[in-house]
Amino acid sequence: MPAAWTAADGLLLALGLALVGALWAVEPGDRGPASLALVRAADGRTLELPLDRDARVEVSGPLGASLLEIRHGRVRFLDSPCPQKRCVRAGWLDRPGEAAACLPNGVTVEVVALGRRYDAINF
Amino acid sequence: MPAAAPVLDVTREDRRVAALAALGVVIHLAEAGLPSPLPGLKPGLANVVVLAALALHGWRAAAWVSLLRVLAGSLLAGTFLTPTFVLSLSGALAALAALGLVGLLPGRGPGPVGAAVAASLAHMGGQFAVAYALFLPHPALLHLLPVLMSFALAAGVLTGLVALAALRGLERRGLHPLRGPLEADRV
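Residue numbers (our numbering), protein chains in the order written: chain A, 282 to 404; chain B, 10 to 196.
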């Protein structure tokens with residue numbers, strides 16, 4: 282190995298910069314499309330809705346139909362036949378683990394991540 | 010009469026490798042005392058010794074120095090067989106593979122800086138892959154990758170420049186480490 286700068290040094294440096302630049306551009310990491318909205322109704326029915334496809338879903342319960350909306354990788358209660366509308370006021374859910382519920386109508390929705398079950402493993 | 014104890018021949022290469030590895034361990038332990046933004050994130054200045062071994066004595070010597078440094082360093086730091094050790098070892102193996110590959114480039118091949126950059130990126134990439142597979146299989150970890158690889162790139166340039174300066178210094182004096190003060194032959 283020469284104790285100097287060579288053409289190969291320039292090539293490797295350029296490749297390294299390109300690689301790091303590409304990583305910053307792509308920004309790998311978990312995203313909405315990898316998540317689901319898990320909907321449960323009062324009668325035990327469950328519904329799995331992918332968050333990468335915009336949709337509106339009606340889920341019926343004892344009080345009537347709760348309306349859920351999925352848009353831009355997020356889900357929320359758009360409307361519900363309950364008196365206090367706490368489910369609607371909970372707003373948009375987008376991170377795995379977040380959940381909202383319309384208890385009077387028995388409808389819940391939770392964001393679930395696809396993939397591994399464990400967040401971390403310690404020894 | 011007890012059987013004669015086996016006699017090991019200590020070759021010149023053994024002495025070179027052992028002394029370089031010891032130097033690497035000292036640098037590694039000294040660097041471990043420095044503060045860092047993320048636990049375990051270090052410039053890796055001990056790798057200057059590995060690069061010097063590569064330049065002066067070839068890939069095999071560099072592999073011995075690197076792996077001995079990982080082993081002895083972990084024993085002295087008390088991290089042998091811990092997840093830290095697993096990450097250190099996987100990084101070292103990935104870096105050695107990269108050093109082997111860049112040595113195959115046509116022409117004069119890379120100088121210390123190019124080799125250090127390749128090895129550093131491979132080291133961080135290898136460690137990240139093992140950390141993702143074994144310890145933190147969560148997609149959120151991927152968000153760290155650009156930051157870690159940027160750091161690895163900078164650290165590679167730094168260690169490469171230090172190794173370049175060291176090798177030039179050795180060349181100027183016509184000396185190579187640990188061949189004894191009377192042997193001043195050049196490679």
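Each residue gets a CB set at the ideal place from its N, CA and C atoms; glycine is no exception.
Original post:
Among B:S45, B:L29, B:V79, B:V58, which residue has its Cα nearest to the Cα of A175 of chain B?
Top reply: A175 of chain B has its Cα closest to that of B:V58, out of B:S45, B:L29, B:V79, B:V58.
**OP:** Could you please tell me which residues of the segment 113-139 of chain B, in chain order, have their CB closer than 8 angstroms to any CB of chain A?
**Re:** For the segment 113-139 of chain B, which is checked against every Cβ of chain A, the residues closer than 8 angstroms are L114, G116, R117, G118, P119, G120, P121, V122, G123, A124, V126, A127, L130.
**OP:** Can you tell me which of the three DSSP states A284 of chain A falls into?
**Re:** Shown here, A284 of chain A sits in coil according to DSSP, grouped into three states, outside any helix or strand.
**OP:** Give the secondary structure of S316 of chain A by DSSP, where H, G and I count as helix, E and B as strand, and everything else as coil.
**Re:** The DSSP-derived three-state label of S316 of chain A is strand.
Original post:
Considering D23 of chain B, what are the terminal residues of the beta strand (DSSP E) in which it resides?
Top reply: From DSSP, D23 of chain B is part of no beta strand (DSSP E) but of the alpha helix (DSSP H) over 21-41.
Original post:
What first and last residue would you give for the alpha helix (DSSP H) that runs through S99 of chain B?
Top reply: DSSP places S99 of chain B in the uninterrupted alpha helix (DSSP H) bounded by 92-111.
Subject >> P48 of chain B versus L179 of chain B - alpha carbon distance >> reply: Approximately 34 angstroms between the Cα atoms of the pair.
Subject >> Opposing strand residues paired with S341 of chain A [DSSP bridges] >> reply: In the DSSP assignment, S341 of chain A is bridged to A:A346.
Subject >> Under 8 angstroms by beta carbon: chain A residues contacting V111 of chain B >> reply: Near V111 of chain B (Cβ distances below 8 angstroms), the residues of chain A are A289, L293.
Subject >> C-beta atoms of A125 of chain B and G67 of chain B nearer than 8 angstroms >> reply: A distance of 8 angstroms or more separates the beta carbons of A125 of chain B and G67 of chain B.
Subject >> CA nearest to the CA of G33 of chain B, picked from B:K51, B:A172, B:A14, B:R78 >> reply: Cα-wise, what sits closest to G33 of chain B is B:R78.
**OP:** Determine contact between the segment 83-95 of chain B and the segment 114-121 of chain B, defined as no fewer than three beta-carbon pairs at a distance below 8 angstroms.
**Re:** Cβ pair count under 8 angstroms is below three, so no.
Original post:
Would A285 of chain A count as contacting chain B if we go by Cβ distances under 8 angstroms?
Top reply: Yes, because at least one Cβ of chain B sits closer than 8 angstroms to the Cβ of A285 of chain A.
**OP:** Ignore the nearest five residues each way along the sequence and tell me which others in P343 of chain A's own chain have a CB closer than 7 angstroms to its CB.
**Re:** The residues are A323, N386, G387.
**OP:** Go ahead and pull the three-state DSSP assignment for L114 of chain B.
**Re:** Looking at L114 of chain B - three-state DSSP - the assignment turns out to be coil, as it is neither helix nor strand.
**OP:** Could you check if R25 of chain B is buried or exposed, using at least 16 other CB atoms within 10 Å of its CB as the buried criterion?
**Re:** Using a 10 angstroms sphere on the CB of R25 of chain B, the tally of other CB atoms reaches 16 or more, which defines it as buried.
Subject >> chain B residues whose Cβ lies nearer than 7 angstroms to that of L304 of chain A >> reply: Those within 7 angstroms of L304 of chain A in chain B are L154, P155, M158.
Original post:
Using a C-beta cutoff of 8 angstroms, does L47 of chain B count as contacting chain A?
Top reply: For L47 of chain B, no Cβ of chain A is located within less than 8 angstroms of the residue's own Cβ.
Original post:
Does any C-beta atom of chain B lie closer than 8 angstroms to the C-beta of L300 of chain A?
Top reply: Judged by the 8 angstroms Cβ criterion, L300 of chain A is in contact with chain B.
Subject >> Contact under 8 angstroms by Cβ, D317 of chain A with R337 of chain A >> reply: One point to set straight first is that residue 317 of chain A is Leu, not Asp, in the sequence displayed. In this structure, R337 of chain A does not lie closer than 8 angstroms to L317 of chain A by Cβ.
Subject >> Straight-line gap, L105 of chain B to A64 of chain B (C-alpha atoms, nearest Å) >> reply: C-alpha separation (whole angstroms): 13 angstroms.
Subject >> Selection from A:C383, A:L294, A:W286 that minimises the alpha carbon distance to K366 of chain A >> reply: Nearest C-alpha to K366 of chain A: A:C383.
**OP:** Say whether chain B places a C-beta atom closer than 8 angstroms to the C-beta of G297 of chain A.
**Re:** Closer than 8 angstroms to some Cβ of chain B, the Cβ of G297 of chain A qualifies, so yes.
**OP:** Indicate whether V390 of chain A and P377 of chain A have their beta-carbon atoms separated by less than 8 angstroms.
**Re:** No, the Cβ-Cβ distance between V390 of chain A and P377 of chain A is not below 8 angstroms.
Subject >> Per-residue burial, P15 of chain B [other beta carbons within 10 Å of its own, 16 or more giving buried] >> reply: That one is exposed.
**OP:** Starting from P309 of chain A, find everything on chain B with Cβ-Cβ shorter than 9 angstroms and list it in chain order.
**Re:** Correct list: P148, L151, H152, L154, P155.
Subject >> Proximity test, Cβ basis, 8 angstroms: R397 of chain A and chain B >> reply: Any reading at R397 of chain A must be qualified, since the residue scores a pLDDT of 49, below 50, and its modelled position is unreliable; no value is offered.
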